[in-house]
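Enquirer: Chains as they are written, first to last, in numbering that gives the first Met the number 0: chain A, 0 to 261; chain S, 0 to 302.
Idealized CB from N, CA, C, for every residue including glycine.
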Amino acid sequence: MKNATIIFKKEIKEILKNRSIWLPILAISIVFSAFFPAALTGGLEKMVKDPDAVDFIERVFQDTSNLQLVMLQFIIKQFIVFLLLIPAMLPSLIAPASIILEKENNTLEPLIATPIKTGELFLGKALTSLIPSFAVSFINFLLIIIIVDSIAYTKFKLLPLPTWDWAVATFILSPVISFIITMICLIVSSKTVDIRSVQGIGSVVIFPIYAVIGLQIAGLFLLNVKYLIIVCFVLIAVCPIVLRLAIKIFDRENILTKWKMK
Amino acid sequence: MIYVENLTKKFGPITAVDNISFEIQRGQIFGFLGPNGAGKTTTIRMLSTLIAPTEGKIKIDGKEPAKDGQYIRSIIGILTETPGMYEKISAYDNLNYFSSFYSIDTKVRKENIEKFLKMFELWERRFDPVSTYSKGMKQKLALARALIHQPKILFLDEPTAALDPESAYMVRSYIEKLKKEDITIFLCTHNLEEASNLSDIVCIIKSKIIKIATLDELQESRIGKKIEIVLKNNSSKYIDLIKQFKEIIEAKAYKNKINLLLEYPEKINPIIIKKLVEAGAEILYFNEIKTSLEEIYLDLIRS
């Protein structure tokens with residue numbers, strides 16, 4: 000564990016010096032966790048004056064007793080899905096950089112020539128991707144709670160967040176998504192020398208997330224805690240499969256003989 | 000210290016290392032020579048536990064890589080052919096990072112980092128990112144990394160590549176000093192003069208071992224000795240006289256010099272000198288030229 004921690008600390012240092020990694024995440028966080036929540040929660044009165052919005056609420060929620068509150072519930076469900084973009088995208092920015100830069104710099108061989116165990120190296124690399132992803136996701140979820148609750152309290156004297164689906168998304172779904180993307184990125188990074196092709200994994204994986212956003216906007220589907228738990232179970236079942244594959248690839252001989260810059 | 004028996008490594012249909020055996024004693028410098036693709040790097044990787052052999056036995060300090068890989072990696076230092084560094088972090092942080100995987104006391108680690116950075120004249124630039132370093136500076140830093148934990152065995156793959164003459168001389172001197180400290184050194188180099196000057200034993204490999212011997216044994220094994228005769232005047236008129244001797248394998252005249260390759264020099268040299276003097280030659284110098292490792296190496300590889 001000590002060696003994994005040493006790797007993690009060094010890599011985090013390098014990531015913080017790499018603007019191409021943290022700048023996009025900072026931008027997404029500001030937009031989706033601060034700006035949008037503030038704008039949408041603060042602009043509820045104007046939104047419910049739109050006839051299309053009213054029509055949507057009546058059709059989907061069948062509850063018109065308090066249009067603003069219902070709209071707020073809908074917006075919160077969208078935020079949950081938006082925020083799942085972060086645990087999906089962040090590992091696909093960090094994990095490939097961690098592996099491919101080692102290949103580019105020819106540092107893998109001297110590293111695995113030290114007494115470090117392969118498992119420790121693997122853990123260090125995985126933590127480099129997982130911990131920032133967990134932390135940033137959690138901070139964003141917290142930020143939205145603060146912003147939405149502050150504005151909602153001043154308007155409606157209630158605190159709409161957190162909810163059960165919010166809790167499931169934050170504490171279970173987000174880490175699981177981070178984990179799976181991290182493992183996939185470690186696997187794919189071993190096979191390629193082009194960082195962009197691995198970072199492209201993030202854009203593929205977020206398609207389902209975009210699909211959910213679209214379905215919710217179309218009123219065809221509304222996320223709730225039951226659906227979230229089903230998704231959690233499915234993804235948790237996938238975790239050991241990708242973990243096993245990733246460990247199999249992270250083998251000293253594989254690293255030296257197959258992980259090559261072309 | 001290093002024992003290798005019938006070591007073979009195959010990558011699919013390709014046999015990179017074919018049934019090699021050798022033994023290296025503690026404190027010896029073992030020169031490992033061969034053309035590109037001969038299996039040198041693959042051998043180093045097997046000895047340093049990075050890859051497993053297909054067949055054969057390896058023992059490093061009495062331990063087997065398959066069972067005691069972590070121990071072996073703790074006592075070896077390795078300078079790879081293309082040593083890489085983390086470019087975005089400083090030289091000091093690079094050394095600190097790599098050395099932290101060894102069981103070295105923090106105080107000793109910091110002292111070693113300072114010692115080697117000063118030795119390789121990198122101390123003043125220790126906090127600069129490695130990306131700002133020249134190729135030679137990176138090479139020196141990589142060598143410092145291999146030495147930082149005071150290994151018992153060093154694997155050096157082209158240690159003086161990319162170094163200026165002064166730095167190369169410093170590195171070679173340090174390698175000789177390490178030998179006195181009983182460090183075992185496995186030296187891969189294309190610089191045959193370097194191998195010749197440093198190695199106790201030379202091993203020439205091309206998948207299989209072609210020859211393994213001390214330098215003296217290699218020179219003794221050559222057929223014939225080289226002699227250079229320097230005359231006061233033009234040498235060409237004496238060449239036919241010399242070629243009469245059946246012990247002469249080869250004779251060449253150039254300006255005032257005659258170069259001979261001959262057998263039994265102890266028997267024939269006095270006769271040659273006498274014949275030349277009788278023929279009117281004025282001999283200025285009569286020297287034995289040691290066969291260079293380069294000549295021995297090229298002969299062996301080509302044959």
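1) Can you tell me which of the three DSSP states S:I23 falls into?
2) Could you tell me which residues DSSP puts in a beta bridge with S:P128?
3) Determine the chain A residues that contact S:Y101 at a beta-carbon separation under 9 Å, and present them in chain order.
4) Applying the 10 Å Cβ sphere with the 16-neighbour rule, what's the burial state of A:F31?
5) Between the alpha carbons of A:I5 and S:E22, how many angstroms are there, rounded?
6) Inspect the beta-carbon positions of S:T159 and S:R25 and report whether they are closer than 7 Å.
7) Taking only beta-carbon atoms, is A:T106 less than 7 Å away from chain S?
8) Tell me which same chain residues have a C-beta within less than 7 Å of the C-beta of A:V175, skipping the five on either side of it?
9) Of all the options A:E101, A:D49, A:I79 and A:F7, which has the alpha carbon lying nearest to the alpha carbon of A:F140?
10) Measuring straight from C-alpha to C-alpha, what distance separates S:F285 and S:L259?
11) Quick check on the burial criterion: 16 or more other C-beta atoms within 10 angstroms. Buried or exposed for S:V107?
12) A:L25 to S:L49, Cα distance in whole Å?
13) Near A:R251, which residues of its chain fall below 7 Å by C-beta distance, leaving aside the five closest residues on each side in sequence?
14) Between the beta-carbon of S:I112 and the beta-carbon of S:L94, is there less than 7 Å?
15) Express the C-alpha separation of S:Q27 and S:K176 in angstroms, rounding to a whole number.
16) In three-state DSSP terms, what is S:L230?
17) With a threshold of 6 Å, establish whether the CB of S:V170 neighbours any heavy atom of the ligand SAM.
18) So, is the C-beta of A:L255 closer than 7 Å to a C-beta in chain S?
19) Taking the Cβ atom as the reference point for each residue, do S:L299 and S:I203 lie within a distance shorter than 7 Å?
20) Counting only Cβ-Cβ distances shorter than 7 Å, please list the residues of the stretch 73 to 104 of chain S near chain A, keeping chain order.
21) How many whole angstroms separate the CB atoms of S:F185 and S:I59, which I take to be in contact at a CB cut-off of 8 Å?
22) Does the beta-carbon of A:L158 have 16 or more other beta-carbons within 10 angstroms, so that it is buried, or is it exposed?
23) Measuring alpha carbon to alpha carbon, tell me which of A:W21, A:D51 and A:S149 ends up nearest A:A33.
24) Would A:V224 and A:V135 be called neighbours here (beta carbons separated by less than 7 Å)?
25) Name the DSSP bridge partner or partners of A:V238?
26) Quick test of the definition: if touching needs 3 or more C-beta pairs under 8 Å, does the stretch 84 to 96 of chain A touch the stretch 41 to 61 of chain A?
27) Taking the continuous alpha helix (DSSP H) assigned at A:F140, which residues delimit it?
28) If contact means a Cβ-Cβ distance below 9 Å, which residues of the stretch 16 to 45 of chain A contact chain S?
29) For the stretch 242 to 259 of chain S against the stretch 203 to 212 of chain S, are there 3 or more C-beta pairs whose distance is under 8 Å?
30) For S:D156, which of helix, strand or coil comes out of DSSP?
31) Quick one: complete alpha helix (DSSP H) runs, 4+ long, within the stretch 26 to 50 of chain A?
32) Report the neighbours of S:I50 on chain A: residues whose CB is nearer than 9 Å to its CB, in chain order.
33) Given that a residue counts as buried once 16 or more other Cβ atoms are within 10 Å of its Cβ, and exposed if not, what is A:M182?
34) Taking contact to mean at least 3 C-beta pairs separated by less than 8 Å, is the stretch 3 to 20 of chain S in contact with the stretch 36 to 52 of chain S?
35) Would you say S:Q149 lies against chain A (beta-carbon separation less than 7 Å)?
36) Taking the straight line between their C-alpha atoms, what separation do you get for S:N5 and S:Q138?
Expert: Reading it off the structure:
1) Assigned with DSSP and collapsed to three states, S:I23 falls in strand.
2) S:S89.
3) Within chain A, the residues near S:Y101 are T113 and P114.
4) A residue is called buried when at least 16 other Cβ atoms come within 10 angstroms of its Cβ; A:F31 meets this threshold and is buried.
5) For A:I5 and S:E22, the distance between alpha carbons rounds to 36 Å.
6) No, they are not a contact pair.
7) Yes, contact with chain S.
8) The residues are C231, L234, I235 and C238.
9) For A:F140, the nearest C-alpha among the options comes from A:I79.
10) For S:F285 and S:L259, the distance between alpha carbons rounds to 11 Å.
11) Taking every protein chain shown into account, the CB of S:V107 has fewer than 16 other CB atoms within 10 angstroms, so this residue is exposed.
12) Straight-line Cα distance between these residues: approximately 40 Å.
13) Excluding residues within five positions, the ones whose Cβ falls inside 7 Å are I111 and T117.
14) Taking the C-beta atoms as reference points, S:L94 is found nearer than 7 Å to S:I112.
15) Counting only the Cα atoms, S:Q27 lies some 12 Å from S:K176.
16) The three-state secondary structure of S:L230, taken from DSSP, is strand.
17) As for the ligand SAM, it is missing from this structure, which has no ligand bound.
18) So yes, A:L255 belongs to the interface.
19) In this structure, S:L299 places its C-beta atom within 7 Å of the C-beta atom of S:I203.
20) Answer set for the stretch 73 to 104 of chain S: S73, I77, T79, T81, P82, G83, M84, Y85, E86, K87, I88, Y96, F97, S99, F100 and Y101.
21) Actually they do not touch by this definition, with Cβ atoms about 10 Å apart.
22) Counting Cβ neighbours within 10 Å, A:L158 comes out exposed, since fewer than 16 surround it.
23) The shortest CA-to-CA distance from A:A33 to any of A:W21, A:D51 and A:S149 is the one to A:S149.
24) No; because the gap between Cβ atoms is not below 7 Å, this pair is not in contact.
25) As written in the sequence, residue 238 of chain A is Cys, which differs from the Val given in the question. A:C238 is not bridged to any residue.
26) The stretch 84 to 96 of chain A makes no contact with the stretch 41 to 61 of chain A: fewer than 3 CB pairs, one atom from each, lie closer than 8 Å.
27) Its alpha helix (DSSP H) spans residues T117 to F155.
28) Within the stretch 16 to 45 of chain A, those residues whose Cβ lies closer than 9 Å to any Cβ of chain S are, in chain order, K16 and N17.
29) Judged by Cβ distances under 8 Å, the stretch 242 to 259 of chain S makes no contact with the stretch 203 to 212 of chain S, as fewer than three pairs qualify.
30) DSSP places S:D156 in strand when its eight states are reduced to three.
31) Counting only runs of 4 or more, we get 35 to 41 and 43 to 46.
32) Within 9 Å Cβ-Cβ: R251, E252, L255 and T256.
33) Per the 10 Å Cβ criterion, buried.
34) Taking a contact to require three or more Cβ pairs closer than 8 Å, the stretch 3 to 20 of chain S and the stretch 36 to 52 of chain S qualify as touching.
35) With 7 Å as the cut-off, S:Q149 does not count as an interface residue toward chain A.
36) Using only the alpha carbons, I get a separation of about 33 Å.
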